[in-house]
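First the structure, in the form of structure tokens, and then the observations on it.
In my numbering, the protein residues as written are 400 to 747.
Written out as structure tokens, the structure is:
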């Protein structure tokens, strides 16, 4: 019996062990080996779609990354052309072309040859005149109307002043006649100088705009430049011319000498307003520089003065309508000579 019990006892633990058996714990070596096996099973397979998120090295889980963009070194290479993506900055034209609606570039500036050549001056003045003929002729017509109206008004004012000085008397002595003549002459000189100075300042502004290679409009010929210096220079020159004319014509009866003196004054003072308008010089420098240039470059100055005078006379002979073409052309020709003599650049 003892033998039987021992045999049962020997078998009971075995059955108990089978019923309550626990799987053996995995050793660290087994855990280290499992990833290797798993990697072999789930080896990374590239997708056929090159833009699939699973193919991106920086995104192993296949989920796109959202959030703040990462900044770093820019990628260089061939630029991609086309419509910029949303939020991308628009860059300037890669080929240097003007953006839509931009004004055309100004004409290149070059220094006119010194001494100036008459043929080159005519060619330049002709090309600039033909390119701006509408603006030049229109501005000349408007200024002609303004000057004629101002002259008529000045004539009425001077007539009233003369009548006031003479006292509406029929028989006046010589002293009263001389006084009335001097008074009317001074008033006429001041009025003419003021109108001439304003017109010269505005007219030169338009011509300088053209000489700088810019597109001029009507407003440029009614926008004064260096008005103060030009008015003072014009008043001084007009005063000297008026006094010389009164002395020679009224007292000495030498009208032809008075005409020669007027031409001489025009020769000596022709560049003064150009210095004021084109270089921005004051009254003193404009007077001195203009006088020095006329005296130092007498030959070219005399040539351009005579040519401009002949052009103006030809325009006046063409029923005065030719002045609308002659005056702008003569002004461009004179400005070309001035820039050539002063070594200033001019648009070609």
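Backbone N, C-alpha and C fix where the C-beta goes; we use that ideal spot for every residue, glycine too.
Residue range of the unbroken beta strand (DSSP E) whose run includes residue i
| i | result |
| --- | --- |
| residue 744 | 744–746 |
| residue 641 | That residue, residue 641, is in no beta strand (DSSP E); its alpha helix (DSSP H) goes 626–644. |
| residue 509 | 508–510 |
Residues of its chain near residue i, where Cβ-Cβ distance is below 7 Å and the 5 sequence neighbours each way are ignored
| i | result |
| --- | --- |
| residue 660 | 643, 647 |
| residue 594 | 546, 549 |
| residue 608 | 615, 619 |
| residue 433 | With a pLDDT of only 49 at residue 433, under 50, the local geometry of the prediction cannot be trusted, and the value read off the model is given with reservation. The answer is none, since no qualifying residue turns up. |
| residue 511 | 735, 738, 739, 745 |
| residue 658 | none |
| residue 667 | 690, 693 |
For residue i, the nearest candidate out of the options (CA to CA)
| i | options | result |
| --- | --- | --- |
| residue 627 | 640, 600, 637 | 600 |
| residue 705 | 508, 517, 512, 509 | 517 |
| residue 727 | 582, 521, 511, 590 | 521 |
| residue 603 | 645, 709, 676 | 676 |
| residue 709 | 695, 725, 621, 699 | 725 |
| residue 634 | 731, 590, 561, 695 | 590 |
| residue 707 | 716, 509, 731 | 731 |
Residues of its chain near residue i, where Cβ-Cβ distance is below 8 Å and the 5 sequence neighbours each way are ignored
| i | result |
| --- | --- |
| residue 540 | 723 |
| residue 664 | 636, 639, 640, 643 |
| residue 656 | 647 |
| residue 508 | 611, 612, 744, 745, 746, 747 |
| residue 585 | 641 |
Length of the line joining the Cα atoms of residue i and residue j
| i | j | result |
| --- | --- | --- |
| residue 669 | residue 632 | 11 Å |
| residue 592 | residue 614 | 29 Å |
| residue 734 | residue 606 | 8 Å |
| residue 372 | residue 672 | There is no way to answer for residue 372, as the model of the chain reaches only from 400 to 747. |
| residue 746 | residue 524 | 11 Å |
| residue 587 | residue 714 | 25 Å |
| residue 729 | residue 544 | 19 Å |
| residue 514 | residue 687 | 21 Å |
| residue 598 | residue 640 | 19 Å |
| residue 553 | residue 527 | 35 Å |
| residue 654 | residue 698 | 26 Å |
| residue 582 | residue 651 | 18 Å |
| residue 559 | residue 645 | 20 Å |
| residue 531 | residue 693 | 29 Å |
| residue 690 | residue 720 | 33 Å |
| residue 533 | residue 617 | 9 Å |
| residue 341 | residue 742 | This structure cannot settle anything about residue 341, because the visible part of the chain is limited to 400 through 747. |
| residue 556 | residue 562 | 10 Å |
| residue 536 | residue 596 | 20 Å |
| residue 685 | residue 529 | 31 Å |
| residue 662 | residue 538 | 27 Å |
| residue 679 | residue 551 | 33 Å |
| residue 610 | residue 630 | 22 Å |
| residue 683 | residue 700 | 21 Å |
| residue 622 | residue 542 | 12 Å |
| residue 499 | residue 712 | Reliability of the predicted coordinates at residue 499 is poor, the pLDDT of 42 falling under 50, and no value is obtained from them. |
| residue 716 | residue 519 | 26 Å |
Contacting residues, own chain, Cβ-Cβ under 6 Å from residue i (five flanking each side not counted)
| i | result |
| --- | --- |
| residue 703 | 733, 736 |
| residue 427 | Its pLDDT being 47, under 50, residue 427 is placed unreliably by the model, and the measurement read from it follows with that caveat. Within the same chain, residue 427 has no close Cβ partners at all. |
| residue 674 | 680, 685, 688, 689 |
| residue 696 | 740 |
Extent of the continuous alpha helix (DSSP H) to which residue i belongs
| i | result |
| --- | --- |
| residue 741 | Element bounds for residue 741: n/a, residue is neither H nor E. |
| residue 677 | 671–678 |
| residue 685 | 682–695 |
| residue 526 | 517–530 |
| residue 660 | 654–668 |
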